[in-house]
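Asker: The structure follows.
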Amino acid sequence: MSLARKFVGLCAVSLASSALLAGAVMLYRHSDGQVKAANENRLASMLLADELRQVSDDLTRLSRTSIATGKPTYKQQYKDIIDIRAGRKPRPVDYHRIYWDYVAAGEAKPRPDGETVSVDTLMERIGVTAAEKDKLAESVRNSNDLVKVANAAMTLAESGEPGSRDEAIRLVHSDEYHAAKARIMRPIDDFYVMLDARTKQAVADGQGRAALAFAVVLGMLAVTLASMVALAWFAYEALVRGYASVGGAMGRIAAGDYAAEVPGTARRDEVGDMARSLESFKTNLAADLEARHARESEERRVARRAQTAALADAFEEAVGGIARTVAASATELQATAQGMSHLAGGTAERSATVTQAAQDASANVATVAAAAEELSASVGEIARQVSDSAVLAQASVTEAAKTAELVQTLSQAATRVGDVVAMINGIAGQTNLLALNATIEAARAGEAGRGFAVVAAEVKQLANQTAKATEEIASQIGGIQGATRQAVDAIGGIASRIGDLSGISTAIAAAVEEQGVATREIVRTISQAATGTGAVTVTINGVAEAAGQAGQAAGRVLNVASSVSQEAEHLSTEVTRFLTRIRAA
Numbered sequence: 342m343s344l345a346r347k348f349v350g351l352c353a354v355s356l357a358s359s360a361l362l363a364g365a366v367m368l369y370r371h372s373d374g375q376v377k378a379a380n381e382n383r384l385a386s387m388l389l390a391d392e393l394r395q396v397s398d399d400l401t402r403l404s405r406t407s408i409a410t411g412k413p414t415y416k417q418q419y420k421d422i423i424d425i426r427a428g429r430k431p432r433p434v435d436y437h438r439i440y441w442d443y444v445a446a447g448e449a450k451p452r453p454d455g456e457t458v459s460v461d462t463l464m465e466r467i468g469v470t471a472a473e474k475d476k477l478a479e480s481v482r483n484s485n486d487l488v489k490v491a492n493a494a495m496t497l498a499e500s501g502e503p504g505s506r507d508e509a510i511r512l513v514h515s516d517e518y519h520a521a522k523a524r525i526m527r528p529i530d531d532f533y534v535m536l537d538a539r540t541k542q543a544v545a546d547g548q549g550r551a552a553l554a555f556a557v558v559l560g561m562l563a564v565t566l567a568s569m570v571a572l573a574w575f576a577y578e579a580l581v582r583g584y585a586s587v588g589g590a591m592g593r594i595a596a597g598d599y600a601a602e603v604p605g606t607a608r609r610d611e612v613g614d615m616a617r618s619l620e621s622f623k624t625n626l627a628a629d630l631e632a633r634h635a636r637e638s639e640e641r642r643v644a645r646r647a648q649t650a651a652l653a654d655a656f657e658e659a660v661g662g663i664a665r666t667v668a669a670s671a672t673e674l675q676a677t678a679q680g681m682s683h684l685a686g687g688t689a690e691r692s693a694t695v696t697q698a699a700q701d702a703s704a705n706v707a708t709v710a711a712a713a714e715e716l717s718a719s720v721g722e723i724a725r726q727v728s729d730s731a732v733l734a735q736a737s738v739t740e741a742a743k744t745a746e747l748v749q750t751l752s753q754a755a756t757r758v759g760d761v762v763a764m765i766n767g768i769a770g771q772t773n774l775l776a777l778n779a780t781i782e783a784a785r786a787g788e789a790g791r792g793f794a795v796v797a798a799e800v801k802q803l804a805n806q807t808a809k810a811t812e813e814i815a816s817q818i819g820g821i822q823g824a825t826r827q828a829v830d831a832i833g834g835i836a837s838r839i840g841d842l843s844g845i846s847t848a849i850a851a852a853v854e855e856q857g858v859a860t861r862e863i864v865r866t867i868s869q870a871a872t873g874t875g876a877v878t879v880t881i882n883g884v885a886e887a888a889g890q891a892g893q894a895a896g897r898v899l900n901v902a903s904s905v906s907q908e909a910e911h912l913s914t915e916v917t918r919f920l921t922r923i924r925a926a
């Protein structure tokens, strides 16, 4: 059953019991009013009966006093009492109280006059029964008969005849007077009996109805209280506790506890409807929140992917540019190393040529020395040989100059390679710093930047390897530069010696022209020429050795450049793979 029907039913019972209670209270009040009315009627009737008795006594007393004293005031008071009873004069207020005793004593009226009404009218007002009224009427008639006796006695007393007063006194004190007085009192006494019986029954009936009404009031009050208690229990149990439990569940759900149990879903009333609605709302809200969290997670994932893509683009732009720069520098270094290797090979070949030329010159000088003794016979041959030596020396000077230029070019190439190595070392430092920054940004990104941090560490490792390789290249290039300086110095010595050889050849030519110079001077000159050619041979051998070292250094530079190129390609591959993973995350 719904709460509304229960509530209406309880309210109907409560209202009905309240209405019955009100009716019972009204009945009780009516019954109590009847009891009060019966008591008031009893009192009024008894006061009226007592008034008749008191009037009879006052008339007897005043008539006797008037006859005994002859004073007219007592007779006037006597007449006033009769007129008041008959309704010809106004009744004093609260006439049932003591009144004529004060007036007879000569005092002023104790109370003012009130309504002018006869005893008959008063009997009608208080609602005496016909029998009771007959008794009072009988008493009034008997009193009127006694009044006639008293009036006769007072007239007799006022006649002035001798003994009349005494006779009048005797009349008002005679047995007949007392019998008449008793006839007045007997109906009043009967009236008392009848009134007492009637009013007692009326009071008893009223009290019975009042008791019944009071019992009904108590019963209806109990029913009303029970209905009120039931209504209060219903309001507390069905409404307060029911709605409080649902309200508590609402509070927990509002606080975010979507697993909170909703009580009262099994009830078949409005609270149950509310509980089931709240359960449905909780389920729908949980689903909506889950969907919203999924949307927010997807939005964060998209935003994170966009941010990661932006970082990947920036990283690709920075690290990729560095990798490309390193690769280009490595390629340039390879080309330079290859050029150095070619230059060293050319220098070695030219050194071999110079060595062969120096050996030829030495052989020629030996031939000249062997033929010194036959100088005079073979001057023409010596002149030819000297001429050949001069030509060869000039060619040696030319080759030595070219070799010096080549070695100088090699030194300059080594210097450029050192600059490139310095640039690569700077790029490696920048790559290391960029890898450190990428590691810091990956740490800030948390879980999403873990792969980024791994690749950044690999980039940092490659940068360190590149820096080590460039240091080795710089060391090798320093060796190449030292070797080239030595080669330049040696070639300068060769050029100087070949210049000396050229001078000697000139001297030999002069000696040939002066065929008168002593053979000993020729021998000495030839010995100097032999010594010079030996020095040329040694110097050329040093140049060949330096050129070989330069070629080896160039080979090492080429190997290092190849390693740097491979590492640059590996770096580019790792960066591409890292960016692919980052963009796919």
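To get my numbering, take the position in the sequence shown, counting from 1, and add 341. Backbone N, C-alpha and C define an ideal beta-carbon position, used for all residues, glycine too. The model shown is predicted, which means the values in this text are computed figures rather than measured ones.
(1) Measure the alpha-carbon distance for L361 versus M561 and round it to whole angstroms.
(2) Consult DSSP for P528 and reduce its assignment to one of helix, strand or coil.
(3) Apply the 10 Å Cβ neighbour rule to A521 and answer buried if 16 or more other Cβ atoms are within range, or exposed otherwise.
(4) Please determine whether the Cβ atom of R645 lies at a distance below 8 Å from any heavy atom of the ligand MG.
(5) How long is the line joining the alpha carbons of I510 and G468, rounded to whole angstroms?
(6) According to the Cβ coordinates, are P528 and K476 closer than 9 Å?
(7) Please classify E473 as buried or exposed, where buried requires at least 16 other C-beta atoms within 10 Å of its C-beta.
(8) Just checking my contact of R429 with T540 at CB under 8 Å: how many whole Å lie between their CB atoms?
(9) Could you give the first and the last residue of the continuous alpha helix (DSSP H) run that contains R482?
(10) Is it true that the CB of E602 sits closer than 9 Å to the CB of T590?
(11) Answer with buried or exposed for P604, where buried requires no fewer than 16 other C-beta atoms within 10 angstroms of its C-beta.
(12) So for R413, helix, strand or coil by DSSP?
(13) Hey, S397 and I525 are a contact pair by Cβ (cut 8 Å); roughly how many whole angstroms apart?
(14) Counting beta carbon pairs with one atom in the region 498-518 and one in the region 565-573, are three or more of them shorter than 8 Å?
(15) Can you tell me where the alpha helix (DSSP H) with E465 in it begins and where it stops?
(16) If I follow the unbroken alpha helix (DSSP H) through V444, where does it start and stop?
(17) How is the alpha helix (DSSP H) around A509 delimited, first residue to last?
(18) Using only CA atoms, which one of R646, D421, E886 lies nearest to E690?
(19) Figure out for me which residue from I781, R826, G787 has the closest Cα to the Cα of Q753.
(20) Measure the alpha-carbon distance for R861 versus A851 and round it to whole angstroms.
(21) Between the C-alpha atoms of T457 and S404, what's the straight-line distance to the nearest angstrom?
(22) Could you tell me which of A445, E392, E782 sits nearest to R432, measuring between CA atoms?
(23) Please state if the CB of A357 and the CB of I557 are separated by a distance shorter than 9 Å.
(24) Quick test of the definition: if touching needs 3 or more C-beta pairs under 8 Å, does the region 539-554 touch the region 495-512?
(25) My output table needs one value for D598: the three-state DSSP class, helix, strand or coil.
(26) Please report the distance separating the alpha-carbon of H371 from that of T462.
(27) In angstroms with no decimal places, state the Cα-to-Cα distance between N303 and E915.
(28) Distance, Cα to Cα, S355 vs A576?
(29) Output the distance between the C-alpha atoms of Q771 and I781, rounded to the nearest integer angstrom.
(30) Where R452 and V444 are concerned, what is the direct C-alpha to C-alpha distance, given to the nearest angstrom?
(31) Per DSSP, which residues does D454 bridge with? Please list them.
(32) Taking the alpha-carbon positions, what's the R617 to R582 distance?
(33) Got a sec? Which residues, its chain only, sit under 7 Å from M535 by beta carbon, not counting five neighbours each side?
(34) Can you give the beta carbon distance from V987 to R426, rounded, assuming they're within the 8 Å contact cut?
(35) If we ignore side chains and look at the alpha-carbon of each, how far apart do T470 and I423 end up?
Answerer: Answer, in terms of the structure:
(1) 6 Å
(2) helix
(3) buried
(4) Absent from the structure shown: the ligand MG. Ligands present: none.
(5) Near 40 Å, if we compare the C-alpha coordinates of G468 and I510.
(6) yes
(7) Classification for E473: buried.
(8) About 30 Å separates the two Cβ atoms, so there is no contact after all.
(9) 471-499
(10) The amino acid at residue 590 is misidentified as Thr; the sequence shows Ala. Going by C-beta atoms, A590 is nearer than 9 Å to E602.
(11) That one is buried.
(12) In the sequence under discussion, the amino acid at residue 413 is Pro, which differs from the Arg named in the question. Here P413 sits in helix by DSSP.
(13) 5 Å
(14) no
(15) Annotation: the continuous alpha helix (DSSP H) that includes E465 extends over 460-467.
(16) 441-445
(17) 505-513
(18) E886
(19) Nearest of I781, R826, G787 to Q753, Cα basis: R826.
(20) Cα to Cα, the separation comes out at about 15 Å.
(21) 24 Å
(22) E392
(23) In the sequence under discussion, the amino acid at residue 557 is Val, which differs from the Ile named in the question. No.
(24) When Cβ pairs closer than 8 Å are counted between the two stretches, the region 539-554 is seen not to touch the region 495-512, the count staying below three.
(25) In the three-state DSSP reduction, D598 falls in the coil class, being neither helix nor strand.
(26) When rounded, the distance between both Cα atoms is 27 Å.
(27) For the chain, the structure presents residues 342 to 926; residue 303 sits outside this window and is missing.
(28) 13 Å
(29) 15 Å
(30) 11 Å
(31) P433
(32) 16 Å
(33) A472, E473, K476
(34) Limits of the chain in this structure are 342 at one end and 926 at the other, which puts residue 987 out of reach.
(35) Take the alpha-carbon of T470 and the one of I423: they are about 24 Å apart.
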